[in-house]
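Participant:
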Amino acid sequence: MADPRFFAYAGPLSLGRLAESATLDLAPGVNPHRLMNGVATLADAGPEDVTFLDNRRYLGDLRVTRAGACILHPSVMDRAPPGIDLLLSPEPYRAFARVAALFHPEPAALGTVDARATIAPGARLGAGVEVGPGAVIGANAAIGDGTSIGANSVVGPGVEIGRLCRVGPNVTISHALIGDGVRILPGVRIGQDGFGYAMGPAGHLKVPQLGRVRIGDGVEIGANTTIDRGTLGDTIIGPGCVIDNLVQIAHNVRLGRGCVIVGQAGISGSTHLGDFVVVAGQAGLAGHLRIGSGAQVAAKSGVHRNIPAGESVGGFPAVPIREFRRMAGTLRRLARSSSGAADEERE
Amino acid sequence: MADPRFFAYAGPLSLGRLAESATLDLAPGVNPHRLMNGVATLADAGPEDVTFLDNRRYLGDLRVTRAGACILHPSVMDRAPPGIDLLLSPEPYRAFARVAALFHPEPAALGTVDARATIAPGARLGAGVEVGPGAVIGANAAIGDGTSIGANSVVGPGVEIGRLCRVGPNVTISHALIGDGVRILPGVRIGQDGFGYAMGPAGHLKVPQLGRVRIGDGVEIGANTTIDRGTLGDTIIGPGCVIDNLVQIAHNVRLGRGCVIVGQAGISGSTHLGDFVVVAGQAGLAGHLRIGSGAQVAAKSGVHRNIPAGESVGGFPAVPIREFRRMAGTLRRLARSSSGAADEERE
Amino acid sequence: MADPRFFAYAGPLSLGRLAESATLDLAPGVNPHRLMNGVATLADAGPEDVTFLDNRRYLGDLRVTRAGACILHPSVMDRAPPGIDLLLSPEPYRAFARVAALFHPEPAALGTVDARATIAPGARLGAGVEVGPGAVIGANAAIGDGTSIGANSVVGPGVEIGRLCRVGPNVTISHALIGDGVRILPGVRIGQDGFGYAMGPAGHLKVPQLGRVRIGDGVEIGANTTIDRGTLGDTIIGPGCVIDNLVQIAHNVRLGRGCVIVGQAGISGSTHLGDFVVVAGQAGLAGHLRIGSGAQVAAKSGVHRNIPAGESVGGFPAVPIREFRRMAGTLRRLARSSSGAADEERE
Numbered sequence: 007m008a009d010p011r012f013f014a015y016a017g018p019l020s021l022g023r024l025a026e027s028a029t030l031d032l033a034p035g036v037n038p039h040r041l042m043n044g045v046a047t048l049a050d051a052g053p054e055d056v057t058f059l060d061n062r063r064y065l066g067d068l069r070v071t072r073a074g075a076c077i078l079h080p081s082v083m084d085r086a087p088p089g090i091d092l093l094l095s096p097e098p099y100r101a102f103a104r105v106a107a108l109f110h111p112e113p114a115a116l117g118t119v120d121a122r123a124t125i126a127p128g129a130r131l132g133a134g135v136e137v138g139p140g141a142v143i144g145a146n147a148a149i150g151d152g153t154s155i156g157a158n159s160v161v162g163p164g165v166e167i168g169r170l171c172r173v174g175p176n177v178t179i180s181h182a183l184i185g186d187g188v189r190i191l192p193g194v195r196i197g198q199d200g201f202g203y204a205m206g207p208a209g210h211l212k213v214p215q216l217g218r219v220r221i222g223d224g225v226e227i228g229a230n231t232t233i234d235r236g237t238l239g240d241t242i243i244g245p246g247c248v249i250d251n252l253v254q255i256a257h258n259v260r261l262g263r264g265c266v267i268v269g270q271a272g273i274s275g276s277t278h279l280g281d282f283v284v285v286a287g288q289a290g291l292a293g294h295l296r297i298g299s300g301a302q303v304a305a306k307s308g309v310h311r312n313i314p315a316g317e318s319v320g321g322f323p324a325v326p327i328r329e330f331r332r333m334a335g336t337l338r339r340l341a342r343s344s345s346g347a348a349d350e351e352r353e
Numbered sequence: 007m008a009d010p011r012f013f014a015y016a017g018p019l020s021l022g023r024l025a026e027s028a029t030l031d032l033a034p035g036v037n038p039h040r041l042m043n044g045v046a047t048l049a050d051a052g053p054e055d056v057t058f059l060d061n062r063r064y065l066g067d068l069r070v071t072r073a074g075a076c077i078l079h080p081s082v083m084d085r086a087p088p089g090i091d092l093l094l095s096p097e098p099y100r101a102f103a104r105v106a107a108l109f110h111p112e113p114a115a116l117g118t119v120d121a122r123a124t125i126a127p128g129a130r131l132g133a134g135v136e137v138g139p140g141a142v143i144g145a146n147a148a149i150g151d152g153t154s155i156g157a158n159s160v161v162g163p164g165v166e167i168g169r170l171c172r173v174g175p176n177v178t179i180s181h182a183l184i185g186d187g188v189r190i191l192p193g194v195r196i197g198q199d200g201f202g203y204a205m206g207p208a209g210h211l212k213v214p215q216l217g218r219v220r221i222g223d224g225v226e227i228g229a230n231t232t233i234d235r236g237t238l239g240d241t242i243i244g245p246g247c248v249i250d251n252l253v254q255i256a257h258n259v260r261l262g263r264g265c266v267i268v269g270q271a272g273i274s275g276s277t278h279l280g281d282f283v284v285v286a287g288q289a290g291l292a293g294h295l296r297i298g299s300g301a302q303v304a305a306k307s308g309v310h311r312n313i314p315a316g317e318s319v320g321g322f323p324a325v326p327i328r329e330f331r332r333m334a335g336t337l338r339r340l341a342r343s344s345s346g347a348a349d350e351e352r353e
Numbered sequence: 007m008a009d010p011r012f013f014a015y016a017g018p019l020s021l022g023r024l025a026e027s028a029t030l031d032l033a034p035g036v037n038p039h040r041l042m043n044g045v046a047t048l049a050d051a052g053p054e055d056v057t058f059l060d061n062r063r064y065l066g067d068l069r070v071t072r073a074g075a076c077i078l079h080p081s082v083m084d085r086a087p088p089g090i091d092l093l094l095s096p097e098p099y100r101a102f103a104r105v106a107a108l109f110h111p112e113p114a115a116l117g118t119v120d121a122r123a124t125i126a127p128g129a130r131l132g133a134g135v136e137v138g139p140g141a142v143i144g145a146n147a148a149i150g151d152g153t154s155i156g157a158n159s160v161v162g163p164g165v166e167i168g169r170l171c172r173v174g175p176n177v178t179i180s181h182a183l184i185g186d187g188v189r190i191l192p193g194v195r196i197g198q199d200g201f202g203y204a205m206g207p208a209g210h211l212k213v214p215q216l217g218r219v220r221i222g223d224g225v226e227i228g229a230n231t232t233i234d235r236g237t238l239g240d241t242i243i244g245p246g247c248v249i250d251n252l253v254q255i256a257h258n259v260r261l262g263r264g265c266v267i268v269g270q271a272g273i274s275g276s277t278h279l280g281d282f283v284v285v286a287g288q289a290g291l292a293g294h295l296r297i298g299s300g301a302q303v304a305a306k307s308g309v310h311r312n313i314p315a316g317e318s319v320g321g322f323p324a325v326p327i328r329e330f331r332r333m334a335g336t337l338r339r340l341a342r343s344s345s346g347a348a349d350e351e352r353e
């Protein structure tokens with residue numbers, strides 16, 4: 007059960023209510039009036055908890071779970087132990103996410119502006135906007151209805167933020183236009199100057215960065231991630247993208263819809279990604295590339311070439327993922343068959 | 007044209023004024039009184055915009071640009087379409103940077119201290135200093151003329167910051183001496199304890215970090231980058247260095263003049279770089295190394311050995327860049343010629 | 007000598023006092039009443055400084071040091087030059103750390119709450135707690151005796167922080183329970199949502215993150231590091247762990263006691279480390295792994311498999327470190343013996 011010091015709680019909830027609100031089917035014989043207290047993993051759940059099975063790898067845990075109810079795919083309902091109430095979904099993990107949010111709804115924005123916030127002249131705050139202590143809203147910035155701005159965050163002049171956004175504490179946003187339902191976690195930096203210089207032995211001359219950052223609806227941006235504004239055009243994050251912590255997104259980068267950028271990955275200037283591209287953790291993309299929709303970049307890869315839509319790559323320099331694996335295998339075999347200690351590099 | 011909500015605008019400007027202020031030569035026949043509205047890329051510029059060509063790769067774009075004027079090298083003037091006014095420079099990108107700054111000058115510091123800032127006793131603020139809401143200037147700190155300190159930034163006791171610096175919002179600076187004209191982007195951390203412990207199975211004993219950070223004139227430091235203070239001496243960033251976002255610079259590191267450190271690179275403790283060294287994105291340097299002036303470290307490389315001046319290295323462990331490329335090619339060839347699927351490693 | 011603008015100074019101190027407080031033995035003939043002024047490296051120390059030798063690699067520096075006193079292992083006392091007072095310890099670096107802290111003690115928390123801090127209703131502050139300007143302590147949070155919370159840091163509702171902790175400026179902490187003597191450097195983000203989505207072509211549905219972060223006693227966390235809270239359980243950092251700057255620790259990760267995580271390393275979700283594991287700089291660990299106690303992961307490695315206790319691994323994908331070195335050596339040899347330029351990959 008989620009710690010009540012940290013999470014709102016809207017339970018107990020009946021199985022019928024969960025089925026209705028989270029688009030689940032009750033298995034035959036399940037009592038829709040049975041009340042459940044919360045959510046938990048297969049291993050930790052007790053008789054008043056709802057759990058889920060999304061991966062057949064955990065069928066063993068299912069067999070011994072003490073959970074009172076379990077969300078799972080109809081194809082595995084016969085693998086559940088007797089006595090557990092089954093909630094059926096073709097997408098059990100999505101259904102579980104909805105159920106968890108029913109038990110522990112995210113609080114709405116408070117609708118109050120703290121007396122210690124600074125609201126510059128000309129800033130427009132929508133209905134129900136919350137602004138935390140120490141936050142600064144710049145001149146002529148606009149904050150949409152129901153959005154919250156965390157304590158000590160700084161929203162620069164002219165910035166537009168849509169409706170129902172959540173901006174965490176200690177965030178900095180400038181030169182940006184942000185859509186609805188965007189979640190920005192603590193310490194994120196959006197809209198600062200990109201890394202642009204006319205370089206040379208006489209010194210590196212700063213190139214004015216005159217573009218913006220545009221962020222689509224429903225985007226989530228992880229803690230301490232940085233997104234630079236464009237040089238002459240915009241840096242663009244498409245709707246529905248999810249970006250993890252400590253990611254670097256350079257000037258003029260464009261992400262399509264639904265891209266997934268995992269922690270500590272970096273995308274260099276002017277590289278464009280299509281829709282639903284996945285860039286795994288600590289991967290890096292060079293600048294001015296075109297990455298097709300649905301492409302996948304494995305963790306720690308370094309990409310120096312364009313990637314066609316749908317292709318998976320890995321390694322450094324990145325190659326198609328099958329080839330990367332074959333290369334790794336070949337090298338291991340060669341090293342093992344060579345004369346051993348004599349070949350060892352002593353660092 | 008840069009969004010007027012976000013950028014100051016000093017136009018329109020005549021071609022003659024641009025030529026004079028940005029050290030350009032007007033091609034024969036250009037009317038110096040013609041007024042231009044702003045700057046744009048070759049692809050986006052219209053008849054009232056100034057654009058530039060710096061890379062022959064974009065000669066195709068030059069041929070079809072609608073720009074009213076173009077900055078380019080005299081050697082390619084004959085490649086421009088008729089009707090476009092040519093502005094000649096041996097360094098077109100540097101000239102363009104100067105022109106862009108003429109149209110969109112960076113605002114000077116406001117010269118006001120916000121009533122919500124905290125200025126500790128003994129702190130000295132120069133003429134025209136701006137301190138944003140929520141910023142904290144520690145006891146006996148000194149801020150030079152014309153410098154701005156962003157909202158909610160924290161400057162520790164005794165810190166010295168020179169003239170005409172720009173410190174963004176949500177920055178932390180302690181134990182540091184900073185030169186003139188330094189730009190520090192949002193979320194930068196300067197001067198905190200380095201990662202120094204006397205390690206052992208009985209626990210890791212913290213080693214007091216008793217040095218400082220010294221930053222030369224004209225340095226630029228990217229968002230959320232971290233620079234730790236020295237252990238017994240100083241961490242030193244030489245004048246004119248440019249450092250991108252999310253870079254880690256450990257205690258006792260020294261950078262010479264004009265080094266370029268690209269996003270997410272890391273430099274371990276006590277490693278010294280000469281002048282104009284380039285460390286590309288996500289590269290890592292081990293500790294206690296000596297990297298000669300003009301050396302270049304390719305993206306994602308891992309450097310464990312000293313690098314002579316002027317040498318380029320790549321890979322992990324890093325080797326001379328030609329050797330790295332040959333190794334990658336050799337491995338691809340070997341993997342292709344091996345028996346295929348049988349060698350594949352299944353992860 | 008440490009810059010008095012930045013560091014407290016409790017000297018001069020006698021050699022006898024140092025020996026007693028830092029568990030050192032004075033070599034025969036050393037005058038315990040001799041006063042020393044401070045600490046310095048072998049190369050920089052003068053006649054009134056205490057220095058140390060911990061690594062035989064610096065025996066050359068020892069021979070020519072001008073230091074008045076030197077901490078070293080008894081086995082090398084005969085290598086010291088005449089006239090220098092020797093302080094003997096089986097662990098010279100640990101002893102030096104203690105001596106440095108005697109000369110330059112860390113100031114205690116001020117014991118005052120700044121008038122510009124925000125303390126929410128129900129928050130409990132222990133005796134001697136310091137809260138800096140602009141800091142925010144959420145409802146029902148609890149801060150232990152002698153702890154300091156830096157300027158503009160934000161501690162969320164219900165968070166518990168133990169005694170004698172140091173939380174730097176611009177830190178964000180939510181959904182967390184933190185032990186005693188924990189040091190949290192500037193810009194750290196603790197307790198925000200992990201990167202959890204039910205992904206799919208219809209969009210990525212956020213999975214509520216309902217766990218916490220629990221941090222043991224004596225942990226140190228470097229600048230701008232991020233630690234996400236658990237999904238249904240907790241993210242756990244064991245006592246005595248030291249974590250460097252810009253590290254990413256994902257949801258549900260568990261670290262045992264005394265782990266060392268170096269700068270820019272990343273640990274993916276649900277991976278568990280034993281005790282005293284070392285993860286070197288820029289290394290990455292995939293999710294759901296088990297890393298045994300005492301295992302070591304070399305810098306820049308990418309780990310995709312479990313690691314047995316005590317094993318050292320390197321490379322990407324990571325293999326036992328001896329094998330990694332052999333592979334690198336084999337590949338260099340093969341590339342050199344191949345036909346050279348013809349094999350070179352031109353990027």
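Residue numbers (this note's numbering), protein chains in the order written: chain A, 7 to 353; chain B, 7 to 353; chain C, 7 to 353. Note that the Cβ used here is the ideal one computed from N, Cα and C, for glycine as well.
1. If you measure from the beta carbon of His181(C) to each beta carbon in chain A, is any gap under 8 angstroms?
2. Among Gly44(A), Glu97(A) and Pro10(A), whose alpha-carbon lies nearest the alpha-carbon of Ala208(C)?
3. Can you tell me which of the three DSSP states Leu21(A) falls into?
4. Let me confirm a value: Pro118(B) is counted as buried when at least 16 other C-beta atoms fall within 10 Å, else exposed. Which label applies?
5. Alpha carbons only, please: which of Ala157(A), Ile255(A), Val188(A) and Leu19(A) is nearest the one belonging to Pro245(A)?
6. Counting only C-beta atoms, is Leu238(A) closer than 8 angstroms to chain B at any point?
7. Which residues mark the beginning and the end of the alpha helix (DSSP H) in which Asp151(C) is found?
8. For a contact defined as C-beta to C-beta under 7 angstroms, what are the partners of Pro53(A) on chain C?
9. Against chain B, does Pro192(A) count as a neighbour if the rule is that its beta carbon must be under 8 angstroms from one of theirs?
10. Can you name the residues of chain B whose CB is closer than 9 angstroms to the CB of His210(A)?
11. Taking a contact to mean a Cβ-Cβ separation below 8 angstroms, would you say Ser299(A) touches Phe322(A) in this structure?
12. At least one CB of chain B closer than 8 angstroms to the CB of Arg342(A): is that the case?
13. Identify which residue in Arg122(B), Ala73(B), Phe12(B) and Arg260(B) has its Cα closest to the Cα of Leu41(B).
14. Since His278(B) sits in a beta bridge, which residues does DSSP pair it with?
15. Could you work out which residues of chain B lie near Gln215(C), taking near to mean beta carbons separated by less than 7 angstroms?
16. Measure from the C-beta of Pro18(B) to each C-beta in chain A and report whether the shortest distance is under 8 angstroms.
17. Could you name the residues of chain C that Ala8(A) contacts, counting a contact when the two beta carbons are closer than 7 angstroms?
18. Would DSSP call Phe419(C) helix, strand or coil?
19. Just how far apart, CA to CA, sit Glu26(A) and Leu93(A)?
20. What residue range does the alpha helix (DSSP H) around Gly66(A) cover?
21. Per DSSP, Asp31(B) is paired with what?
22. Locate the beta strand (DSSP E) running through Ile313(B), then write down its first and last residues.
23. Closest to Pro127(C) by C-alpha separation, out of Ala148(C), Leu65(C) and Gly275(C), would be which residue?
24. Tell me, please, whether the CB atom of Asn158(B) is closer than 8 angstroms to any CB atom in chain A?
25. For Pro139(B), go through chain A and note every residue whose CB falls closer than 7 angstroms to its CB, in chain order.
26. Express the C-alpha separation of Ala106(A) and Pro18(A) in angstroms, rounding to a whole number.
Facilitator: On the basis of the supplied data:
1. What you label residue 181(C) is simply residue 175 of the third sequence in a count that begins at 1. Interface residue, yes.
2. The count along the third sequence starts at 1 and reaches residue 208(C) at position 202. If we check each option's Cα against that of Ala208(C), Glu97(A) comes out closest.
3. By one-based count along the first sequence, residue 21(A) stands at place 15. Leu21(A): helix per DSSP, three-state reduction.
4. As a first step, residue 118(B) must be located in the second sequence, where it is residue number 112. According to the sequence provided, residue 118(B) is Thr. The question's Pro does not apply to it. With a threshold of 16 other beta carbon atoms within 10 Å, Thr118(B) falls short and is exposed.
5. Position 239 of the first sequence, counted from the first residue, corresponds to residue 245(A). It is Val188(A) whose Cα lies nearest to the Cα of Pro245(A).
6. Taking the first residue of the first sequence as 1, we reach residue 238(A) at position 232. It does; some Cβ of chain B falls within 8 angstroms.
7. Numbered from 1 along the third sequence, position 145 holds the residue referred to as residue 151(C). First-last for Asp151(C): undefined, no H or E at that position.
8. In the first sequence, residue 53(A) corresponds to position 47, counting from 1. Identification of chain C residues near Pro53(A) by a Cβ-Cβ cut-off of 7 angstroms yields none; the smallest Cβ-Cβ distance measures about 17 angstroms.
9. Position 186 of the first sequence, counted from the start, is the residue given in the question as residue 192(A). No, Pro192(A) lies away from the interface with chain B (no Cβ there is under 8 angstroms from its Cβ).
10. One-based indexing of the first sequence puts residue 210(A) at position 204. Among the residues of chain B, those whose CB is under 9 angstroms from the CB of His210(A) are Gly224, Glu226, Gly246, Cys247, Val248, Gly264 and Val266, following chain order.
11. Within the first sequence, numbered from 1, the residue matching residue 299(A) stands at position 293. Within the first sequence, numbered from 1, the residue matching residue 322(A) stands at position 316. The answer is no: Cβ separation not under 8 angstroms.
12. Translated into the one-based positions of the first sequence, residue 342(A) becomes position 336. No, Arg342(A) lies away from the interface with chain B (no Cβ there is under 8 angstroms from its Cβ).
13. As a working note, residue 41(B) is residue 35 in the second sequence. Nearest C-alpha to Leu41(B): Ala73(B).
14. Position 272 of the second sequence, counting from 1, holds the residue named residue 278(B). Its beta-bridge partners are Arg260(B) and Arg296(B).
15. Position 209 of the third sequence, counting from 1, holds the residue named residue 215(C). For Gln215(C), there are no neighbours in chain B by C-beta distance under 7 angstroms, as the nearest C-beta there is about 22 angstroms away.
16. For the purposes of this step, residue 18(B) is taken as the residue at position 12 of the second sequence. Pro18(B) does not count as touching chain A.
17. For the purposes of this step, residue 8(A) is taken as the residue at position 2 of the first sequence. For Ala8(A), the neighbours in chain C by C-beta distance under 7 angstroms run, in chain order, Leu216.
18. Residue 419(C) cannot be examined here, being either before or after the span of chain C that is shown, 7 to 353.
19. Numbered from 1 along the first sequence, position 20 holds the residue referred to as residue 26(A). Numbered from 1 along the first sequence, position 87 holds the residue referred to as residue 93(A). Looking at the two C-alpha atoms, the distance is approximately 11 angstroms.
20. On the first sequence, residue 66(A) is found 60 positions in, with the first residue counted as 1. Start and end: Leu65 to Val70.
21. In the second sequence, residue 31(B) corresponds to position 25, counting from 1. The beta-bridge partner set that DSSP reports for Asp31(B) consists of Leu94(B).
22. As a working mapping, residue 313(B) is identified with position 307 in the second sequence. Where Ile313(B) is concerned, there is no enclosing beta strand (DSSP E), given that its DSSP letter is neither H nor E.
23. On the third sequence, residue 127(C) is found 121 positions in, with the first residue counted as 1. Among Ala148(C), Leu65(C) and Gly275(C), the Cα nearest to that of Pro127(C) belongs to Ala148(C).
24. As a working mapping, residue 158(B) is identified with position 152 in the second sequence. Taking Cβ atoms only, chain A reaches closer than 8 angstroms to Asn158(B), which makes this a yes.
25. On the second sequence, residue 139(B) is found 133 positions in, with the first residue counted as 1. Correct list: Thr124 and Val142.
26. On the first sequence, position 12 is the one that residue 18(A) refers to. On the first sequence, position 100 is the one that residue 106(A) refers to. Distance from the CA atom of Pro18(A) to the CA atom of Ala106(A), rounded to whole angstroms, is 12 angstroms.
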